[in-house]
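Step one of this worksheet: look at the structure below.
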Amino acid sequence: MSENERRPLRIGKEEQLRVVGMHCATCSTTVAKALRGVKGVEEAEVNLASGTAKVVVSGARLRDLVEAVRRAGYDVVTERLRLRISMNPEDSRRVTELLEGLDGVVKASVNPGTGEAVIEVNPYSTSAEAIVEALRGHGFRAQVISKAAPASAGELRGYLRALAVAWSFGLLTLYLQYTSRPLLAMVASAPVVFYAGLRYHLGAYRAFRNRTTNMDTLVSTATLVAWLYSAYSLAVHGPVFFDAASLLISFLLIGKTIEAYIKERLSGEVVRLLPSRARVIRDGSEVEVSADEVKVGDLLVVRSGESIAADGVVDEGKGEVDESIVTGEPMPVTKSKGDPVVGGSRLVSGFLKVYVTRSGERTYMAQLMTAVRDAEAARLRAQDLVDRVAAVFTPTIIAIAVVTFLAWHFALGFPTPKAVLFAVAVLASACPCALGLATPMAVLVSVHRLAKRGVIVKDGEALERVKDVDVFVFDKTGTLTEGRPRVKDYVELQPGVMELAASLESLSSHPVAKAIVDRFGARLRGSVKDFNEFPGDGVAGTVGDRQVIVGRPEFVAQNCEGQAKGDVAVCVDGRVAGWLSLEDPVRPEALELVAKLKSMGRRVIIATGDSGPSAEAVAAALGVEVRKGLSPDDKAELVRSLRQEGHRVAFVGDGVNDAVAEKEADVGIALAGGTDIAKYAGDVVVMNLKGIELLLRESRIATRKVKENLAWAFGYNSVLVPVAAGLLYPAVYLSPQYAALAMSMSSVIVSLWSTVPL
Amino acid sequence: MVVDPVCGMEVDESTPYKTMYKGKVYYFCSEGCLKAFRRDPEKYLREGPKGMPG
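Below you can see the structure in the form of structure tokens.
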């Protein structure tokens, strides 16, 4: 029996890994290939810009995934946790198995002697708290001893160090070579080529071992050919070009460093909103703790200018809070006792004591970060093209370089050094990197920009799909309207009917019930008996000695005699006794949004469960089509049939009872009232209707950026390679170091261009 | 316990799937049965339970 069969199923659905060491399109292809090779992996997507891999598995073990990535020569960011577990030594085997069976655990080793466990986990899918909790569920008490920070940063630092070495020795090489001291130039260039350039040689070796090629293959071959040929040339007193080899590395590193800086700045952005320290009241006095130690039930002390460390409710004090991270609204909101506050928002002025209601992974910010990370790993359609190109890119370039050398040397009779320089320039000028970065960078930037304005993209591909949507279906109540209906007018066939209705409705929590009670009072509430509520239909019961039914006219009609009208009808003792019509004010931003969508040529449909005239009133106010009396399933059916007609459909709903329709649509947009992102079903969660406009705009920007980035990347290569090959020689000549500079700039331009808003 | 008029299954009165027809309350095992009943209550009351609606 293989180990895989003996082990419990490790991962049920999807695992996100952070992969270290990838820096070009072919790297991500290699990692994806390695992951797909693991038994039980159904799908693996690797995103170069965010450095993440999204793996859909059934039955594969996390450990196998991590090992596959490591075997391919890359690394996965894992966190090492140390726990002290109260257990008997003989339990250690069971605990080990238990731990290794948990989601997100790569490896666990338990020391039976000390009861200490060292657990390697994927910090993106589990946490120390979750593990302690799981152990407790199996009857083991556990305590975290230490928690080491994930080693993911430092990419930038590594590049900076290499850059410093490359430039100081590179300039020295240049000086020595031009003052005709080639032997010293060789010595000075060695640290550049072999130390600063080490990552490229290692990458090339890694690729070679995996029987593939990548950008490192090009760079490594180019520099080694240049350097080794110069060394040989030095021995036979020929011309040398150590400067080309070392400047090539130096220029490449500039590009890489800028790229790493942009990436680091982007991924740190959301995290920085949360403060790292927080002050809480413990045992009556104020103490400063690390923000991740804040627990539910703590009392946070927040002073003006500070960020709030966790979600909670104001317990004391008053202040102006900037909640733009949630709502996208720049205006601060006044908060006082009893008001909810969201972690990551900032107290602009005042003083608050906040009772923490959600901490750690349950906070809005933690959910936001998870959502953003998921979206970053999106794979847009353009990526398929990139992958196909990247796979043949390097071999093609190497072939061109060889042909270049042969052509210049043998066909045109140029001396070997010159022909070598042309070949090296070809290798140095070509790079699949920009190609690989084009799509993910654009998505990354857009997803982040939206998140900062309260639009949470949970599925990055939705960003691409939403721009093609031609039909927007909106839920009415609570989405286009405020969801707080009022009684507009009413008809009583018998006096006092509405008071009976209100008394009955006072036992229901439905918004319509509230409207009726608000208008007519519930004087007879105490005398209601046999109350029965029929969800979606209405209520029935005995008020005093009268049999009363209040509900949708259709519902009332099938139980009563007489003609039921209005939005809500009332039946007393078996006869229709009155009806009323409701109005639910249309949100002001709904008018704006619908007008905007229509001006963009989009079709707008209201799908509502209401069947009365108020639905038509809203549709008339907005000037759109309406489908009335739909159940949640009917809404999904509507979306399905629209799609069958060939439309691209977005469904916008309040995310709870519209979940089915949102799933069915090309893009499901949930209008969130709260901060529990995980609760909402849509591909995108918006805090208000304005978010939809932002989403549409950002979708257009992102798709345009992808195209522009690809154009840059393709354009760069198709111009640079022929020039480097000497097509325009002697008018334009590109020496290897400038070819490398130009090439490295292509990635930088793609990265920078993605961050420019327009 | 009461009987679902659509599928004939016994259901508890605490079920959320219920409706009122001609003043009498009917209980259902699922949303499917409830919807089937709503579409044509007379049929089920006249002809008796028909089994789970497809």
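If you're matching them up, the sequences are chains A and B in order. Quick note: the numbering used here has the first sequence finishing at residue 1271, numbered continuously throughout. Quick note: the numbering used here has the second sequence finishing at residue 247, numbered continuously throughout. The beta-carbon is built from N, C-alpha and C at its ideal position, and this holds for glycine as well.
Check whether A/V590 and A/V533 have beta carbons under 8 Å apart | Contact: yes.
Is it the case that the Cβ atoms of A/A914 and A/V939 are separated by a distance below 8 Å?
-> A contact, by the Cβ cut-off of 8 Å.
Is there a Cβ from chain B that is less than 8 Å from the Cβ of A/N1170?
-> No, A/N1170 does not count as interfacial toward chain B.
Below 6 Å CB to CB, which residues in the same chain sit around A/F1044 once its five sequence neighbours on both sides are set aside?
-> Excluding residues within five positions, the ones whose Cβ falls inside 6 Å are L1020 and G1054.
Which residues in the same chain as A/A1253 place their Cβ atom closer than 6 Å to its Cβ, once the five residues preceding and following it in sequence are excluded?
-> Residues of the same chain with a CB within less than 6 Å of the CB of A/A1253, apart from the 5 flanking positions on each side, are L761, F764, L765 and A941 in chain order.
If I'm right that A/R962 touches A/E1211 with Cβ under 8 Å, what's the distance once you round it to whole angstroms?
-> For a cut-off of 8 Å, the C-beta gap from A/R962 to A/E1211 is around 6 Å, short enough to register as a contact.
If we count Cβ pairs, one from each stretch, closer than 8 Å, do we get three or more for the segment 850 to 862 of chain A versus the segment 826 to 840 of chain A?
-> The segment 850 to 862 of chain A vs the segment 826 to 840 of chain A: in contact.
Beta carbon proximity, A/P1066 to chain B, threshold 8 Å = Interface flag for A/P1066 against chain B is unset, since no Cβ pair is found closer than 8 Å.
Does DSSP put A/T609 in a helix, in a strand, or in coil?
-> DSSP places A/T609 within a helical segment (H, G or I) once states are collapsed to three.
Beta-carbon proximity of A/A698 to A/P1249, cut-off 8 Å | A/P1249 is positioned such that its CB atom lies no closer than 8 Å to that of A/A698.
Which bits of chain A does B/T212 rub up against, with CB to CB less than 8 Å?
-> Ordered by position in chain A, the residues that pass the 8 Å Cβ test against B/T212 are F1047, D1050 and F1068.
Proximity of A/L578 and A/L548 at Cβ, strictly below 8 Å = Cβ atoms of A/L578 and A/L548: closer than 8 Å.
Spell out a yes or no on whether the segment 960 to 976 of chain A and the segment 924 to 940 of chain A are touching, meaning 3 or more CB-CB pairs, one atom from each, closer than 8 Å.
-> Flag = no, the segment 960 to 976 of chain A and the segment 924 to 940 of chain A do not touch.
If we cut at 8 Å on Cβ distances, does B/K215 have a partner in chain A?
-> So, interface residue.
Is DSSP giving A/I910 helix, strand or coil here?
-> In the three-state scheme derived from DSSP, where H, G and I count as helix and E and B as strand, A/I910 is classed as helix.
Residue-chain proximity (A/N1072, chain B), Cβ-Cβ < 8 Å = True, the Cβ-Cβ gap to chain B drops below 8 Å.
For the alpha helix (DSSP H) that contains A/L669, what are its first and last residues?
-> From DSSP, the alpha helix (DSSP H) with A/L669 extends over E668 to Y691.
Determine the DSSP secondary structure at A/F927, reduced to helix, strand or coil.
-> Looking at A/F927 - three-state DSSP - the assignment turns out to be coil, as it is neither helix nor strand.
Going along the chain, which residues of its own chain have a beta-carbon closer than 6 Å to the beta-carbon of B/M213, five neighbours each way excluded?
-> Excluding sequence neighbours, B/M213 sits near nothing in its chain.
Chain-ordered neighbours of A/A1090 on chain B, where CB pairs are closer than 8 Å | The CB of A/A1090 never comes closer than 8 Å to any CB in chain B; the least such distance is about 15 Å.
Going by DSSP, what residues sit across from A/A773 in a beta bridge?
-> A/A773 pairs with nothing; no bridge assigned.
Can you give me, in chain order, the residues of the segment 199 to 211 of chain B that have a beta carbon less than 8 Å from any beta carbon in chain A?
-> So the list reads P209 and K211, given in the order they occur along the chain.
Cβ of B/V196 within 8 Å of any chain A Cβ = It does not: the Cβ of B/V196 has no partner Cβ on chain A nearer than 8 Å.
Do you know offhand how far A/G716's Cα is from A/R574's?
-> Across the structure, A/G716 and A/R574 are spaced so that their CA atoms are roughly 27 Å apart.
Ordered list of beta strand (DSSP E) runs contained in the segment 812 to 899 of chain A, each at least 3 residues | 812 to 816, 824 to 835, 846 to 849 and 859 to 871, all fully within the segment 812 to 899 of chain A.
Reducing DSSP to helix, strand and coil, say where A/V1357 ends up.
-> For residue 1357 of chain A there is no data in the structure shown, the boundaries of chain A being 514 and 1271.
Backbone CA spacing between B/D233 and A/G1142 [nearest angstrom] | Distance between the alpha carbons of B/D233 and A/G1142: 17 Å.
Assign A/A661 to one of two classes, buried (16 or more other C-beta atoms within 10 Å of its C-beta) or exposed (fewer than that).
-> Any reading at A/A661 is ruled out, since the residue's pLDDT is 38, under 50, leaving its predicted position unreliable.
Start and end residues, alpha helix (DSSP H) containing B/C226 = Where B/C226 is concerned, the enclosing alpha helix (DSSP H) stretches over E224 to R232.
Tell me which same chain residues have a C-beta within less than 7 Å of the C-beta of A/M535, skipping the five on either side of it?
-> The beta carbon of A/M535 sits closer than 7 Å to the beta carbons of S541, V544, L561, G564 and Y587 from its chain, once the five residues preceding and following it are set aside; these are given in chain order.
Please confirm if the segment 968 to 975 of chain A is in contact with the segment 1143 to 1159 of chain A, defined as three or more CB-CB distances below 8 Å between the two stretches.
-> Flag = no, the segment 968 to 975 of chain A and the segment 1143 to 1159 of chain A do not touch.
If you drop the 5 nearest sequence neighbours on each side, which residues of the same chain put their C-beta closer than 6 Å to that of A/A1178?
-> Setting aside the 5 residues that flank it on each side, A/A1178 is surrounded in the same chain by V1152, V1162, A1163 and F1164, each with a C-beta closer than 6 Å to its C-beta; the list follows chain order.
Distance cut-off 7 Å: A/R901 Cβ against heavy atoms of the ligand FMN = Absent from the structure shown: the ligand FMN. Ligands present: none.
Name, please, each residue of chain B whose Cβ falls closer than 7 Å to the Cβ of A/A1053.
-> Think of a sphere of 7 Å around the beta carbon of A/A1053: the chain B residues whose beta carbon falls inside it are M213, in chain order.
Could you give the uninterrupted runs of the alpha helix (DSSP H) lying entirely in the segment 996 to 1047 of chain A, keeping only those of 4 residues or more?
-> If we require 4 residues or more, the alpha helix (DSSP H) runs fully inside the segment 996 to 1047 of chain A come out as 1010 to 1018 and 1024 to 1033.
To the nearest angstrom, how far is it from the Cα of A/G1186 to the Cα of A/R724?
-> The straight-line gap from Cα to Cα measures roughly 52 Å.
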